Amino acid sequence: MKACILVKTSSGKHKDVSKKIKGMTGVKMVFPTFGRTDVVVDAKVSDFKELASLLSRISRVSGVLATETLIALEV
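Here it is in structure tokens:
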């Protein structure tokens, strides 16, 4: 299962948040961005339980204000 996780951070915290998320299990790439979303996380997990675990870990990172998850569809 692939997912794109959009992360909103506290002002000036996007670099610190990106570094902490980058090493998490299931995270393939991390992109700091400009716009409504401060960090985009490309993730690959085995199931919804693993995705929920990753989202929980991301939400506990200092500086993370909110997340939005986009689950990729198989085509």
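Residue numbering for the sequence shown follows numbering that gives the first Met the number 0, beginning at 0 and increasing consecutively.
Just so it is clear, CB atoms sit at the ideal spot from N, CA and C, and this is done for glycine as well.
Model, not experiment: these values are computed from the prediction.
Have a look at the DSSP bridge pairing and note the partners of residue i.
| i | result |
| --- | --- |
| Phe30 | Val39 |
| Thr8 | Val63 |
| Thr24 | Bridge partners of Thr24: none, in fact. |
| Ala2 | Ala42 and Ile70 |
Quick one, which of the options has its alpha-carbon nearest residue i's?
| i | options | result |
| --- | --- | --- |
| Gly62 | Thr8, Leu54, Val38 and Ile4 | Thr8 |
| Arg56 | Cys3, Ile20, Ser10 and Asp15 | Ile20 |
| Gly22 | Asp37, Asp41, Phe33 and Gly34 | Asp41 |
| Met0 | Lys27, Val39 and Val44 | Val44 |
| Phe33 | His13, Val60 and Leu69 | His13 |
| Leu64 | Asp46, Val26 and Val16 | Val16 |
Go ahead and pull the three-state DSSP assignment for residue i.
| i | result |
| --- | --- |
| Ala51 | helix |
Find out if the Cβ-Cβ distance for the pair residue i, residue j is shorter than 8 Å.
| i | j | result |
| --- | --- | --- |
| Thr36 | Leu5 | yes |
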